[in-house]
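Asks: In UniProt numbering, the protein residues as written are 1 to 196.
We treat Cβ as the ideally placed atom computed from N, Cα and C, and that holds for glycine.
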């Protein structure tokens, strides 16, 4: 019974977050979420207290696995720390290059732009996820510093925050430009920044 409950909740989170990513928080009603998931409206309230609660749970549902993959990539013992970071972003570039049309829809980005001033709970959750990403990068940069791959005077906390913030800007540009150029430029600059 519990696994059926989790499966249905996951289905609602997966389909509903996709609908919300495309149409925005305000452009997506509970009816849109349940239609996307193919379930009755009453089922929504069995799993979620409100649309805001849905968005909070969707953030965790989507970004827990992404943060785990990021941590795994940046902790890969087969590569040096600098190579781990560059490989990760080059693989993202290759992923986008394989798409028929360059398009990027970012759930966390959409929510942060739309809800930052309206929902303290969503704002805090988004900020926490972004900070965890920066912390993963900071730890890898610390490895790079200890390995002599960065200047001894480098502040890895600030560098991780700078790269993380720049990445969020790249995602926004990908969405509006439908071009790989922002990501290519980001990687070019990252290669220069990550030099001893």
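So residue 129 and residue 111 are in contact, right, with Cβ under 8 angstroms, and what is the actual spacing, rounded?
Replies: With a Cβ gap of about 10 angstroms, residue 129 and residue 111 do not count as contacting.
Asks: What separation, rounded to the nearest whole angstrom, lies between the Cα atoms of residue 150 and residue 50?
Replies: The alpha-carbon atoms of residue 150 and residue 50 are separated by roughly 47 angstroms.
Asks: Rounded to the nearest angstrom, what separates residue 190 and residue 100 at their Cα positions?
Replies: Going from the Cα of residue 190 to the Cα of residue 100 covers about 26 angstroms.
Asks: Count the other CB atoms within 10 Å of the CB of residue 16; is the residue buried (16 or more) or exposed (fewer)?
Replies: It is buried - the Cβ of residue 16 has at least 16 other Cβ atoms within 10 Å.
Asks: Exposed or buried, what is residue 55 when buried is set at 16 or more other beta-carbons lying within 10 Å of its beta-carbon?
Replies: It counts as buried.
Asks: So what's residue 40 in DSSP terms, helix, strand or just coil?
Replies: Of the three classes helix, strand and coil, the one that applies to residue 40 here is coil, per DSSP.
Asks: Does the separation of the CB atoms of residue 113 and residue 58 fall below 8 angstroms?
Replies: Not a contact, by the Cβ cut-off of 8 angstroms.
Asks: Let's test the definition: count the other Cβ atoms within 10 Å of the Cβ of residue 63 and tell me whether it reaches 16, buried, or not, exposed.
Replies: When all chains shown are included, residue 63 counts as buried.
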